[in-house]
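Peer 1: Taken in order, the sequence shown gives residues 132 to 345; the numbers are from our numbering.
The structure that follows is given in the form of structure tokens.
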Amino acid sequence: MSEPTVNIEEFLRGEGFDSDEALHEARVVLERHKLTNARKQAFVAAKLPRARALLASSLLRACDGCRPQAPAGRPVWVADGRRRVAVGPQHCEICSGSNNRRAAARCIDALRRRGIQHLLVVGGTPVQQHDLKGLLADATVEVRFVDGTQASHSTKQAELNKRWAELVVVWAPTPLRHSVSDKYTEDPYAGLKVVSVPRRGIEALCDEVVRALR
Ligand SMILES: [Zn+2]
């Protein structure tokens with residue numbers, strides 16, 4: 132009885148390699164590791180787990196929005212040694228087609244470059260805070276939130292927060308009392324960066340942080 136086989140191109144498309152470049156690079160990986168050769172269109176299904184592992188460790192599927200601009204014709208490598216290949220946003224490993232996720236990835240990168248590990252966000256709705264926390268969960272940065280609706284935010288508490296944080300983000304258009312935000316904007320510490328975000332939304336917040344850290 133012959134072993135079940137799988138069409139290689141269909142397999143690769145199913146794995147999210149949806150552009151000519153991505154298909155080509157994925158095929159190169161499989162050939163380099165002798166899972167197939169240039170003449171073959173199919174391989175035995177038993178090779179799938181090894182093929183998936185090799186592709187995951189060799190290539191990073193990234194959409195145009197997540198791909199750094201690189202000089203044309205030069206291969207683009209990411210820090211972990213994987214080569215970036217262009218795919219549609221829905222197959223992008225960085226953003227999965229989500230603007231918020233893409234912005235958060237840029238923000239995490241900017242925070243990491245500056246060595247910022249303590250981020251204080253003043254304001255935001257509970258849902259926004261929950262979502263932002265989720266998007267930054269894999270990062271080395273710790274996020275704390277200050278409820279902008281509280282009637283009394285003590286100067287003492289603000290002092291403690293300012294001492295803890297390396298970056299303060301004041302999320303202005305969200306529910307936020309001046310009596311709370313003023314404690315962060317009017318009397319900042321030397322060396323403590325305070326960024327005001329004039330727009331609602333997680334993408335706006337992340338973009339503003341990236342801009343402030345440039
Ligand atoms: Zn992307």
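The beta-carbon is built from N, C-alpha and C at its ideal position, and this holds for glycine as well.
Using 8 Å as the threshold, is the C-beta distance between C226 and A241 below it?
Peer 2: For the purposes of this step, residue 226 is taken as the residue at position 95 of the sequence shown. For the purposes of this step, residue 241 is taken as the residue at position 110 of the sequence shown. The answer is no: Cβ separation not under 8 Å.
Peer 1: Bridge partners for N231 per DSSP, in chain order?
Peer 2: Indexing the sequence shown from 1 puts residue 231 at position 100. According to DSSP, which records beta bridges pairwise, N231 is partnered with nothing at all.
Peer 1: For the pair the segment 213-221 and the segment 180-196, tell me if three or more CB-CB distances fall below 8 Å.
Peer 2: Yes: at least three Cβ pairs fall under 8 Å.
Peer 1: Flag this pair as yes or no: are the beta carbons of V301 and S285 separated by less than 8 Å?
Peer 2: The sequence position of residue 301 within the sequence shown is 170, counting from 1. The sequence position of residue 285 within the sequence shown is 154, counting from 1. No, the Cβ-Cβ distance between V301 and S285 is not below 8 Å.
Peer 1: Hey, would you say the C-beta of G279 is under 7 Å away from at least one heavy atom of ligand 1?
Peer 2: The residue labelled residue 279 in the question sits at position 148 within the sequence shown. G279 Cβ: outside cutoff for every heavy atom of ligand 1.
Peer 1: Nearest by alpha-carbon distance to E334: which of A182, Q248, V160, Q259 is it?
Peer 2: For the purposes of this step, residue 334 is taken as residue 203 along the sequence shown, with counting starting at 1. The shortest C-alpha separation from E334 is found at Q259.
Peer 1: Would you give the residue range spanned by the beta strand (DSSP E) that V277 belongs to?
Peer 2: To locate residue 277, count along the sequence shown from 1; it is residue 146. Taken as a continuous stretch (DSSP letters only), the beta strand (DSSP E) holding V277 covers 273-277.
Peer 1: If distances are taken between C-alpha atoms only, which option among V252, A157, K324 comes closest to A169?
Peer 2: Here residue 169 is taken as the residue at index 38 of the sequence shown, counted from 1. If we check each option's Cα against that of A169, A157 comes out closest.
Peer 1: Residue range of the beta strand (DSSP E) that T136 falls in?
Peer 2: Mapped onto the sequence shown, residue 136 falls at position 5. Looking at the DSSP string, the run of the beta strand (DSSP E) that includes T136 is 136-138.
Peer 1: Out of curiosity, what's the CA-to-CA distance linking G204 and R342?
Peer 2: For the purposes of this step, residue 204 is taken as the residue at position 73 of the sequence shown. For the purposes of this step, residue 342 is taken as the residue at position 211 of the sequence shown. Because G204 sits at a pLDDT of 41, beneath the cut-off of 50, its placement in the model cannot be relied upon, and the following sentence gives the value as read from the coordinates. Whole-angstrom Cα-Cα distance: 29 Å.
Peer 1: Can you tell me where the alpha helix (DSSP H) holding A157 begins and where it ends?
Peer 2: By 1-based counting over the sequence shown, the position of residue 157 is 26. Element bounds for A157: 151-163.
Peer 1: Check whether the segment 285-298 touches the segment 244-257, counting contact only when three or more Cβ pairs, one atom from each stretch, lie closer than 8 Å.
Peer 2: Contact holds: three or more Cβ-Cβ distances are below 8 Å.
Peer 1: What number of angstroms, rounded off, separates the C-alpha of E224 from the C-alpha of Q172?
Peer 2: In the sequence shown, the residue the question calls residue 224 occupies position 93. In the sequence shown, the residue the question calls residue 172 occupies position 41. Computed Cα separation, rounded: 26 Å.
Peer 1: Verify whether the separation of the beta carbon atoms of L186 and E146 is less than 8 Å.
Peer 2: Taking the first residue of the sequence shown as position 1, residue 186 is located at position 55. Taking the first residue of the sequence shown as position 1, residue 146 is located at position 15. Against a cut-off of 8 Å, the Cβ pair of E146 and L186 comes out as a contact.
Peer 1: Taking DSSP as the reference, what is the three-state secondary structure of V341?
Peer 2: Taking the sequence shown and counting its residues from 1, one reaches residue 341 at position 210. V341 falls in the helix class under three-state DSSP.
Peer 1: Taking S189 and R213 to be in contact with their CB atoms under 8 Å, please state how far apart those CB atoms are, rounded to whole angstroms.
Peer 2: The residue you call residue 189 lines up with position 58 of the sequence shown. The residue you call residue 213 lines up with position 82 of the sequence shown. About 6 Å separates the two Cβ atoms, so the contact holds.
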